[in-house]
Every structure is written in structure tokens, then in C-alpha cells.
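As C-alpha cells, then:
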């Protein structure tokens, strides 16, 4: 009954009951579904042929690219990954938004934050303890 209701909602012909199960699954996959909304309201955005998790992150990327073009920073890297290893055991991975080197040679790691979740705060503390570096929250 649930499948029939779903098919009706999708305005598919009811004679699909005669179709094999695989064909019905294909019809359901091809339906006009809305893309799933982000939990915190972030909108995926594309900038310079790169996809970002939010408009704010894409905007910050464009700002950093301008700084790199001007020669104020170098070696801009998106989504740098850092394994979080405690007592020889990997407990997670911290993924920053951007990493770059300033004119003075300082390596900076930035994270564009809208919502500071409990998981983020824990990973930030682990990263800072293991790597001895601070994360710049923008």
C-alpha cells in the first residue's frame, strides 16, 4: 500500500504494478525530487569551477585567491586533511577549509564557520593539541 501511495504522489500510472521491481525502482529514482536541504541552511555554491559547502566559504575562497594573485599569500590549498591520531590509533580526521602561507612564512589554517558544533569543537581541540597549531575561524 505504501508503494502505491508513493506512486500516486509521483503521478505515475498505476499500471506500474505490472512492472518488475527493478523498473519501479528506476522510475522512483528518476522522479523530480527536491535536493536535500542542509541542516544548517548552507547553500552549496560553485566558484571558479570548484564546489563549496556554503556561499560564505566560496566568498572567502575568492578573497584568498585575490590575496594570492596580489602576492600577499601563497600555496593556497582547499580542504586540507589532517589525521587525528592518539596513542597510535586514528580517532578521526580534521578537514579545514583553507590553508596558505603568508609573506612572513607562517602557515595559516582557516575554517569558515557558521555553526560551531560540538563535534567541530572537539576536533579543533584535538588538532591544536596534536599539531601545535591554531585554527583561524573566520
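Numbering (this note's numbering), first residue to last: 1 to 138.
Backbone N, C-alpha and C define an ideal beta-carbon position, used for all residues, glycine too.
Along the alpha helix (DSSP H) that carries residue 169, what are the first and last residues, could you check? This structure does not reach residue 169, given that the chain is present from 1 up to 138, and the question cannot be answered.
Option in 83, 96, 46, 49 with minimal Cα separation from residue 137: Proximity to residue 137 across 83, 96, 46, 49 peaks at 96, based on C-alpha coordinates.
Assess contact between the segment 101-112 and the segment 63-75, defined as three or more Cβ pairs (one per stretch) separated by less than 8 Å. Is contact present? In short, these stretches touch, since the Cβ pair count reaches three.
Rounded straight-line distance, which links the Cα of residue 23 to that of residue 83: In this model, residue 83 and residue 23 are separated by some 43 Å (Cα to Cα).
Beta-carbon separation (whole angstroms), residue 115 vs residue 40, contact threshold 8 Å: Right, their Cβ atoms sit about 5 Å apart.
Sort out for me which residues DSSP pairs residue 92 with in a bridge. In the DSSP output, where bridge partners are listed per residue, residue 92 has 84.
Check residue 47 in the structure and name its three-state DSSP category. Of the three classes helix, strand and coil, the one that applies to residue 47 here is strand, per DSSP.
Since residue 100 is in the beta strand (DSSP E), which residue starts that stretch and which ends it? Per DSSP, residue 100 belongs to the beta strand (DSSP E) from 98-102.
What is the rounded straight-line gap between the Cα of residue 65 and the Cα of residue 90? Roughly 33 Å between the two C-alpha positions.
Grab the span of the beta strand (DSSP E) containing residue 68 for me, first residue to last. Taken as a continuous stretch (DSSP letters only), residue 68 belongs to no beta strand (DSSP E), being part of the alpha helix (DSSP H) at 55-70.
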